[in-house]
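Residue numbers (my numbering), protein chains in the order written: chain A, 78 to 281; chain B, 78 to 281.
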DNA sequence: CCTACCGATCGGTAGG
DNA sequence: CCTACCGATCGGTAGG
């Protein structure tokens with residue numbers, strides 16, 4: 078009867094949480110296994126029992142983040158029906174996913190900087206499919222005349238991804254810029270994304 | 078007569094070059110003083126003679142980058158006269174400055190992630206003045222009807238900065254996305270920035 | 001899950 | 001600008 082174990086929540090998951098937070102805050106090289114272990118409340122060798130090396134922990138952290146993203150995707154893609162509604166759902170949920178825990182954006186940006194080649198392959202495998210779906214909606218919108226004709230779909234979507242990522246990741250840093258409301262930058266981001274995609278009513 | 082010294086170019090500057098490159102590639106914690114010194118062709122204690130600590134080297138690298146940026150600014154701000162020409166000059170030169178050496182973008186992004194508070198102050202001091210100038214041009218454009226009325230100037234400029242920075246920094250990683258031309262992402266970035274700012278002729 | 005310990009490497013110093 | 005060296009900390013292992 079293991080009645081009074083330290084914390085009931087799965088230790089492996091608590092390790093991932095604190096590893097995500099510390100990798101995001103200090104970077105992979107800047108966050109030591111000792112610090113992560115002691116944030117969880119165990120010793121370094123105990124952490125290495127669950128994840129046998131720091132590199133395997135890095136991989137597990139990234140896989141865990143992508144799992145949460147994949148949880149979101151299916152209901153996101155079938156949610157809306159109209160082209161503009163679909164777009165709002167997709168970019169809105171993406172922003173919400175990253176804003177809910179900004180460490181996700183910071184970690185992803187750091188991984189892209191640290192290992193561009195490996196992340197390129199990973200993005201190609203995990204993100205390409207739904208990018209293609211968005212691109213098809215954009216092309217359909219161009220045929221119907223609701224989307225600007227000079228949009229380059231793939232490049233547009235990639236730039237939007239970059240923009241959302243860096244907007245959330247640098248949120249703390251850039252908030253010191255003005256006295257405006259905290260989410261005014263994110264609202265302007267959505268305006269930029271939509272304004273550069275859809276033709277306005279008065280144009281049609 | 079010190080005839081055959083190793084390299085005639087200033088050693089301090091060569092240290093800054095290699096430190097910029099290695100900090101950008103591996104991060105501050107991931108790049109060791111030994112690696113930087115040996116890339117220059119000297120030993121670690123010799124590097125520490127020129128920059129007495131790793132933190133002072135970090136500061137010098139950042140200051141050097143901002144100096145290059147400040148070299149660019151004055152001629153950039155007086156270059157064009159029309160609002161749209163001014164905008165093209167500013168964002169075009171910003172892209173060129175970062176594209177010329179993508180390590181600049183990578184280093185700045187890493188610094189923002191590593192030390193958001195310190196970078197917030199630094200941005201406030203060094204970048205705020207010319208952001209204000211751009212914002213005034215945007216507001217003038219809004220009064221004249223050439224710029225969309227719903228643009229929030231400060232938030233727009235900050236988002237554009239974020240977008241340019243992350244676009245250049247993640248260039249290597251995202252190029253693997255499609256078979257398109259290497260600069261198609263950057264061209265789409267410029268289109269997004271302009272399309273979400275200026276009203277199209279047919280609207281006016 | 002722990003204590004005890006490993007060799008390697010870190011930023012930095014002494015001294016010339 | 002160098003060699004030689006410092007204590008501290010790194011990721012990881014042995015053994016229980």
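From the three backbone atoms N, C-alpha and C, an ideal C-beta is built for every residue, glycine too.
At least one C-beta of chain B is nearer than 8 Å to the C-beta of residue 107/A. Distance from the Cα of residue 90/A is smallest, within the candidate group 125/A, 138/A, 120/A, for 138/A.
Chain A places no beta carbon closer than 8 Å to that of residue 130/B, leaving this residue out of the contacts. Along the region 257–274 of chain A, going in chain order, the ones with a CB nearer than 9 Å to a CB of chain B are 257, 261, 262, 263, 264, 265, 266, 268, 269, 270, 271, 272, 273, 274. Judged by pairs of C-beta atoms under 8 Å, the region 120–136 of chain B does not touch the region 197–208 of chain B, as fewer than three such pairs exist.
Here DSSP, grouped into helix, strand and coil, assigns residue 275/A to strand.
About 6 Å separates the beta carbon of residue 275/B from that of residue 224/B, a gap short enough to meet the 8 Å contact definition. Apart from sequence neighbours up to five positions away, the residues of its chain that approach residue 116/A with a beta-carbon distance below 6 Å are 95, ordered along the chain. In terms of beta-carbon proximity, residue 114/A stays away from the interface with chain B, with every pair separated by 8 Å or more. For residue 233/A, the uninterrupted alpha helix (DSSP H) run begins and ends at 230–246, by DSSP. Here the alpha carbon of residue 145/B sits roughly 43 Å from the alpha carbon of residue 214/A. By the 16-neighbour rule on beta-carbons within 10 angstroms, residue 193/B is buried.
Less than 8 Å separates the beta-carbon of residue 182/A from that of residue 245/A. Along the region 212–230 of chain B, the positions whose C-beta sits under 7 Å from a C-beta of chain A are 225, 227, 229, read in chain order. The Cβ of residue 247/B sits closer than 8 Å to at least one Cβ of chain A.
Secondary structure remark: continuous alpha helix (DSSP H) runs of at least 4 residues inside the region 139–225 of chain B, in chain order: 160–177, 180–191, 193–203, 205–221.
By the Cβ test, the region 204–221 of chain B is not in contact with the region 204–214 of chain A, since fewer than three Cβ pairs between them sit closer than 8 Å. Around the Cβ of residue 177/A, a 10 Å sphere holds fewer than 16 other Cβ atoms; the residue is exposed. Following the DSSP letters along the chain, one finds residue 91/B inside the alpha helix (DSSP H) bounded by residues 88–103.
Burial of residue 230/A is indicated by the presence of at least 16 other C-beta atoms within 10 angstroms of its C-beta. A straight-line Cα-Cα distance of about 7 Å links residue 114/A and residue 92/A. When only Cα atoms are considered, residue 232/A and residue 262/B end up about 5 Å apart. Annotation for residue 113/B: the continuous alpha helix (DSSP H) segment containing it runs 110–117.
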